[in-house]
Amino acid sequence: AQESEMVLNVKPDAGGAIRTHVIGPRNPKTRSDLQFDITIQIDSSARRVTLLSEGQPKALEIREGEWSDWLRVKFKIGMLQSVKGMVRFHLVQTEPVIELYASPVNFDPDAPMFPISSPPEYAKELTRSVGTYYTTGMVEDHGGLNNERFDESAYMEQCEGVLRERERMMVYELDRLKEGFFFCLFDTPDRVQHMFWRFGEQDHPANHGRPVNDLTHVIEDHYRACDGVVGKAMRYADDQTLFVTLSDHGMNSFQRGVHLNTWLHSNGLLSLRDGVRPGEEAGDFFHSVDWDRTRAYAVGLGGIYLNLKGREERGIVDGSEAEALKAAISSGLTDLRDAGHDRVAIRSIVSREQVYAGPYVDEAPDLLVNFSEGYRVSWATALGGVPEGHFEDNVKKWGGDHIIDPSLVPGVLFMNRAFKNDGASLLDMAPTILSALGVPKGPVMEGDSLLV
Numbered sequence: 089a090q091e092s093e094m095v096l097n098v099k100p101d102a103g104g105a106i107r108t109h110v111i112g113p114r115n116p117k118t119r120s121d122l123q124f125d126i127t128i129q130i131d132s133s134a135r136r137v138t139l140l141s142e143g144q145p146k147a148l149e150i151r152e153g154e155w156s157d158w159l160r161v162k163f164k165i166g167m168l169q170s171v172k173g174m175v176r177f178h179l180v181q182t183e184p185v186i187e188l189y190a191s192p193v194n195f196d197p198d199a200p201m202f203p204i205s206s207p208p209e210y211a212k213e214l215t216r217s218v219g220t221y222y223t224t225g226m227v228e229d230h231g232g233l234n235n236e237r238f239d240e241s242a243y244m245e246q247c248e249g250v251l252r253e254r255e256r257m258m259v260y261e262l263d264r265l266k267e268g269f270f271f272c273l274f275d276t277p278d279r280v281q282h283m284f285w286r287f288g289e290q291d292h293p294a295n296h297g298r299p300v301n302d303l304t305h306v307i308e309d310h311y312r313a314c315d316g317v318v319g320k321a322m323r324y325a326d327d328q329t330l331f332v333t334l335s336d337h338g339m340n341s342f343q344r345g346v347h348l349n350t351w352l353h354s355n356g357l358l359s360l361r362d363g364v365r366p367g368e369e370a371g372d373f374f375h376s377v378d379w380d381r382t383r384a385y386a387v388g389l390g391g392i393y394l395n396l397k398g399r400e401e402r403g404i405v406d407g408s409e410a411e412a413l414k415a416a417i418s419s420g421l422t423d424l425r426d427a428g429h430d431r432v433a434i435r436s437i438v439s440r441e442q443v444y445a446g447p448y449v450d451e452a453p454d455l456l457v458n459f460s461e462g463y464r465v466s467w468a469t470a471l472g473g474v475p476e477g478h479f480e481d482n483v484k485k486w487g488g489d490h491i492i493d494p495s496l497v498p499g500v501l502f503m504n505r506a507f508k509n510d511g512a513s514l515l516d517m518a519p520t521i522l523s524a525l526g527v528p529k530g531p532v533m534e535g536d537s538l539l540v
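The sequence shown begins at 89 in our numbering and counts up by one.
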């Protein structure tokens with residue numbers, strides 16, 4: 089099994105059926121995974137399977153190469169308690185060995201374990217109006233494609249379904265909107281670009297050893313589909329309506345990962361326990377870090393933190409040393425070169441005070457890393473790992489990213505009114521919307537209205 093998945097290898101019974109289960113949430117009492125039993129009947133000649141269970145529907149047919157409809161499942165916790173969910177399946181193949189992929193279990197919007205909308209009853213209302221819909225945080229199943237459990241066509245089929253699902257939600261609300269503010273997020277362009285960017289770069293490490301099909305058109309095709317959604321929304325806007333289309337970021341190449349914690353270790357700022365060297369034995373989540381000798385560490389997507397006294401549980405850096413330490417790290421990482429590829433991996437390091445203002449600045453990393461085109465924080469660093477070496481090829485199908493220098497991944501902004509577009513920032517959007525509604529911006533709100 090790879091990241092964020094579990095693989096079950098099950099043999100058929102004497103009658104040729106496969107008895108297995110869907111893995112659910114963890115039982116808080118026993119700490120074991122809850123299970124929902126299913127039986128798979130295989131019809132190899134017709135290249136299809138039928139799933140039998142106590143869920144809804146009780147019999148679910150799936151054809152090879154297709155996604156199933158939703159199966160509503162119930163995980164029993166005890167005699168009187170249960171958790172409801174929904175799952176979809178993709179039948180990869182029936183021969184020579186059956187391969188059936190199960191999606192992450194989604195909360196059933198008809199009966200979620202806890203509120204998933206505000207107000208809580210809205211989730212059920214939406215189901216009644218637009219049909220069943222995904223409820224996980226990142227609904228496009230990039231993990232299945234990244235782990236090669238299904239192919240690009242299956243991923244795009246799912247993404248297109250998500251786009252249509254979100255469009256139905258948009259139309260439902262626009263049909264009943266008389267006045268006020270309406271916002272709808274379409275995130276499939278982001279997910280499609282993350283997974284298909286590599287097809288535009290023949291030298292991308294993720295293409296090595298894999299057939300590179302002619303899929304360079306997929307991103308543009310998806311944008312054209314999104315243009316159709318924008319056009320449909322525009323039909324609801326009259327002369328009194330401010331219509332805005334925007335993205336909060338663009339996309340760029342992610343060919344190489346930078347092991348920030350390993351660089352900190354090489355420069356004496358992060359220490360491992362005696363006898364442990366960077367690599368697999370160091371583990372993730374700072375498993376082998378000696379905090380009593382560590383002055384800085386990296387975690388998440390490009391953030392570096394100081395091991396400060398009074399903030400971190402085992403902090404050793406005095407507040408009086410913080411600025412000098414940040415300056416030293418910034419100096420060392422700025423213009424960091426990837427010697428093997430003769431390229432600059434990091435353009436600059438900025439402190440949180442240079443980026444953020446307001447009452448929540450202290451929650452941001454002490455330093456933010458602005459990576460160059462083609463580079464990003466490594467997968468292991470994001471989870472507190474300390475791998476061997478300072479760089480690695482990104483061989484995952486997730487071959488495009490935007491967690492780099494913001495100037496390299498600008499978003500887009502369109503309005504149906506004249507606006508000041510020179511130097512426009514995402515921070516200006518809230519004041520702009522408030523201005524259109526005749527509401528003054530708050531006293532600590534950054535940005536200014538772009539309307540002229």
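For glycine and all other residues, C-beta sits at the position ideal for the given N, C-alpha and C.
Every unbroken stretch of the beta strand (DSSP E) spanning 3 or more residues and falling wholly within the segment 134 to 209 is given here in chain order: 136 to 140, 147 to 151, 159 to 164, 170 to 175, 177 to 181 and 187 to 190. By DSSP's assignment, H109 forms a beta bridge with D125. Counting every other CB atom within 10 Å of its CB across the protein chains shown gives P531 a total below 16, marking it as exposed.
Take the alpha-carbon of S418 and the one of G407: they are about 17 Å apart.
Distance from the CA atom of S537 to the CA atom of M517, rounded to whole angstroms, is 7 Å. Taking the CA atoms as reference points, L265 sits about 51 Å from A384. Beta-bridge partners assigned by DSSP to E480: G345.
Here D263 carries a helix assignment [DSSP, helix/strand/coil]. For I417, the enclosing alpha helix (DSSP H) stretches over residues A410 to L421. DSSP, read as helix, strand or coil, puts V457 in strand. Annotation for L360: H353, P366, A370, S376, V377, D378 and V474 place their beta carbon closer than 8 Å to its own, counting only its chain and skipping 5 residues before and after. Cα atoms of G225 and R323: separation of roughly 30 Å, rounded to the nearest angstrom. For M322, the uninterrupted alpha helix (DSSP H) segment begins and ends at V306 to M322. Beta bridge pairing from DSSP links L394 with A384. Taking the Cα positions, L358 is about 31 Å away from N234.
According to DSSP, residue pairing for V432 in a beta bridge involves R425.
Inter-segment contact for the segment 243 to 254 and the segment 264 to 282 is present: three or more beta-carbon pairs are separated by less than 8 Å. Here V110 is not near A199, since their CB atoms are 9 Å or more apart. Residue state for R402 is assigned as coil, using DSSP reduced to three classes.
According to the DSSP assignment, F502 belongs to no alpha helix (DSSP H) but to the beta strand (DSSP E) extending over L501 to M503. Secondary structure note for G462: it is in no alpha helix (DSSP H), and the uninterrupted beta strand (DSSP E) holding it is G462 to V465. The C-beta distance from N458 to V483 rounds to 24 Å, too long to meet the 8 Å contact threshold. Around the Cβ of R237, a 10 Å sphere holds 16 or more other Cβ atoms; the residue is buried.
The distance from the Cβ of R464 to that of G345 is about 6 Å, consistent with a contact at the 8 Å cut-off. For G398, the CB contacts under 8 Å within the same chain, skipping 5 residues up- and downstream, are G407 in chain order.
Bounds of the alpha helix (DSSP H) holding V280 are T276 to F284.
In the three-state scheme derived from DSSP, where H, G and I count as helix and E and B as strand, V300 is classed as coil.
By a beta-carbon distance limit of 8 Å, G511 does not contact A294. Their separation comes to about 35 Å. G231 carries a helical assignment under DSSP once its states are collapsed to helix, strand and coil. Minimum Cα-Cα distance from S513 among the listed residues H337, P116, E152 and I130 corresponds to H337. Here F202 is not near W285, since their CB atoms are 9 Å or more apart. Boundaries cannot be given for L538, as no beta strand (DSSP E) includes it and DSSP labels it neither H nor E. Here E152 has R135, R136, L179, Q181 and T182 as same chain residues with Cβ atoms under 7 Å from its own Cβ, once five neighbours each way along the sequence are excluded.
A386 sits close to T469, with the two beta carbons spaced by under 9 Å. Contact between F287 and T304 holds: CB atoms are separated by about 5 Å, below the 8 Å threshold. Annotation for H478: H347, T350 and W351 place their beta carbon closer than 6 Å to its own, counting only its chain and skipping 5 residues before and after.
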